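These notes concern the structure reproduced below.
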Amino acid sequence: MGKPAVPVTNQTYLVEENSAVTAKGMPGIRIVWDSLHSEELVDNMDSPEEVEAGIDPLLDNIIDELTSPLTEEEKSPKPKKPEKPQRLFFRGSLQEVNQFFYRRGWGDGLPIIPPTEESVKEMLTGTDLAPDHLVTTLGPLRGKATVEKIAVNAVMAGALPTHLPAIIAGTEALSERATRWDNYQDSQGSWVPFWILSGPASRDIHVNSGIGPLSPGTIANAAIGRAMSLIVNNIGGVRKGVEDAGSFGNPGKYTMVIAENEEASPWEPFHVEHGFDKEDSTISVLFPNVFNWTFPWQPGARPMADAMAKAVNRPSMYIFVLPPGSADILAEGGYTKKNLKEYIMKNFMKGAPQGPFAPDPEHITILVAGGPGGIYVASGAWIQWQDYVIKKLLLPKDWNKLVNKYKNLVPVYAKY
């Protein structure tokens with residue numbers, strides 16, 4: 009538009025700012041930075057004089073950057089040429105392979121499975137799509153997520169070919185603007201991708217919907233989430249300390265995958281609730297960063313609904329995970345998913361924000377999963393940022409044969 013502009017950032021995020029600029033194909037940009045230690049600077053100061061002392065030098069720098077003449081490089085900027093990806097071949101021991109990948113920032117701190125030609129070929133049996141088929145591009149670095157690249161990361165995560173349809177659909181979901189995953193992944197808030205699988209395929213591949221679905225120990229839950237994390241890093245280009253500016257981070261970024269226990273639920277499945285056929289299988293993602301659980305102090309459906317309502321205290325999307333027994337009590341008390349959401353919103357915690365971003369029933373997800381106990385609550389996905397994105401899994405034509413090949417890959421614990 010011909011008007012000069014300059015971003016202002018904290019010194020801590022200079023690397024991230026410059027990365028964002030070059031990722032968009034820009035040769036460079038003037039950035040004004042300060043050394044303030046907190047976004048809450050004004051709240052922490054005692055007097056207007058202290059505020060002025062911090063702001064005045066910053067304004068001088070902004071004026072200088074906006075008014076100083078263009079350099080020769082700025083007059084004739086040369087966009088960064090896109091690099092052509094190359095195939096790399098490495099020979100070595102398992103330890104050497106892992107160290108090679110780790111030094112290049114291609115891992116997540118845990119050992120990876122080397123993506124050999126044979127293992128990637130086997131992974132690709134999980135889809136009928138061509139290896140060079142472009143599923144989507146992922147920001148912030150606009151990486152091309154081809155089927156083969158997705159399969160490589162799935163192998164690295166320890167996934168099975170039967171997991172690939174969910175991983176491909178999950179990658180496609182991330183590219184939808186409505187997920188706002190770029191905001192969440194780059195934010196200080198340390199949000200976590202919370203993946204929900206619904207439909208018969210989740211049972212085919214043994215995604216845990218029973219006791220401890222969010223704990224380690226189930227290959228589908230662990231590997232699908234981990235593959236998505238590696239894809240975000242290796243294809244999307246979200247690197248810790250560069251694009252990922254999470255202040256404290258979150259262990260849930262390794263994996264947070266759950267399936268709905270449809271067989272034990274008194275209500276319609278999650279994917280049917282959102283317009284899919286019962287025979288379809290889907291994956292959806294939200295980005296919470298607050299996790300707790302709630303429980304009623306008295307027996308019965310109404311106290312349970314009240315406990316859920318009291319857990320709502322911020323303008324956020326909410327995920328309530330109910331054990332089957334709790335869901336049965338609510339259903340027997342006359343609650344459907346729809347009127348339970350409406351009750352929660354009508355009675356949610358007094359004093360919660362009531363402004364334009366106040367929650368409504370559409371911002372609540374109710375799932376039936378887990379073992380006996382309280383009600384699991386995940387929140388923090390800001391409603392002014394995100395909307396539901398649900399993708400259907402595209403299964404290969406020989407799906408049943410593939411499922412049978414891996415159906416017995418389940419843990420059998422020693423008796424003691």
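Heads up: the sequence shown at position 164 corresponds to 172 in our numbering, and the numbers run straight through without jumps.
Each residue gets a CB set at the ideal place from its N, CA and C atoms; glycine is no exception.
Values in this document were obtained by computation on a predicted structure and should not be read as measured data.
Rounded C-alpha distance that separates residue i from residue j
i	j	result
L338	L182	33 Å
P12	R150	26 Å
A138	V155	7 Å
P277	I374	10 Å
K286	R322	33 Å
S237	Y396	19 Å
V143	I176	7 Å
I227	N347	35 Å
A209	G378	18 Å
G342	L417	40 Å
T187	P201	10 Å
A309	V411	39 Å
M316	I352	7 Å
E80	L74	16 Å
Y110	P119	9 Å
L132	K413	14 Å
L102	V215	28 Å
T145	K248	20 Å
G245	F256	19 Å
H279	P307	30 Å
P148	A422	46 Å
P364	E184	Any reading at P364 must be qualified, since the residue scores a pLDDT of 49, below 50, and its modelled position is unreliable; no value is offered.
E281	M312	22 Å
Q94	G113	16 Å
E340	E125	54 Å
L402	G117	31 Å
I121	L96	16 Å
K92	N241	18 Å
D314	P380	19 Å
Reference residue i; option with closest CA among the options
i	options	result
S334	T133, G225 and G382	G382
K129	L205, K423 and L172	L172
A231	V280, M164, V240 and P274	M164
S198	G225, P169, N258 and I213	N258
D288	S84, F256, D212 and D336	D212
A386	S324, D406 and A153	S324
K86	E73, I37 and N69	I37
Y262	G115, V16 and I71	G115
G283	S206, V376 and D314	S206
A174	R95, Y424 and G134	G134
A167	R112, G233 and P221	G233
W301	E271, G220 and A319	A319
P221	G260, V246 and E184	G260
I219	V329, M312 and S84	V329
D406	P169, F356, D336 and N355	P169
Expected contact under 8 Å - CB spacing of residue i and residue j to nearest Å
i	j	result
I266	P296	Contact flag wrong, Cβ pair sits at about 12 Å.
N269	P332	6 Å
D140	P404	Incorrect: roughly 17 Å between the Cβ atoms, too far for contact.
K415	T290	At roughly 21 Å, the Cβ-Cβ gap does not stay under 8 Å, so K415 and T290 are not in contact.
S273	V420	Contact flag wrong, Cβ pair sits at about 27 Å.
G388	V298	4 Å
A235	A153	Not quite, the Cβ-Cβ distance comes to about 12 Å (not below 8 Å), so this is no contact.
Exposure label - residue i; buried when at least 16 CB within 10 Å
i	result
P304	buried
F408	Sequence check: residue 408 is Asn here, not Phe. Exposed: under 16 other Cβ atoms inside 10 Å.
I239	buried
S217	buried
E4	Given that the chain is displayed from residue 9 to residue 424, the structure contains no residue 4 and the question cannot be resolved.
Y424	exposed
A61	exposed
G100	exposed
G6	With the chain covering only 9 through 424, there is no way to say anything about residue 6.
L294	buried
Cβ neighbours of residue i in the same chain (closer than 6 Å, five flanking residues each side left out)
i	result
S292	I204 and I398
K349	P369 and I372
V40	V14, V16, N69, I70 and E73
W275	K345
Y384	W301 and V329
F356	A317 and V320
S76	none
Close beta carbons around residue i, own chain, < 7 Å, minus the five adjacent residues each side
i	result
K157	I243
V160	P123 and V128
F98	V105 and F108
CB contact check: residue i to chain D, cutoff 9 Å
i	result
A309	This model lacks chain D altogether, as it is built from one protein chain only.
Own chain residues within Cβ distance below 8 Å of residue i, not counting five before or after
i	result
M264	V200, P201, F202, W203, L222 and G233
D336	P274
D64	none
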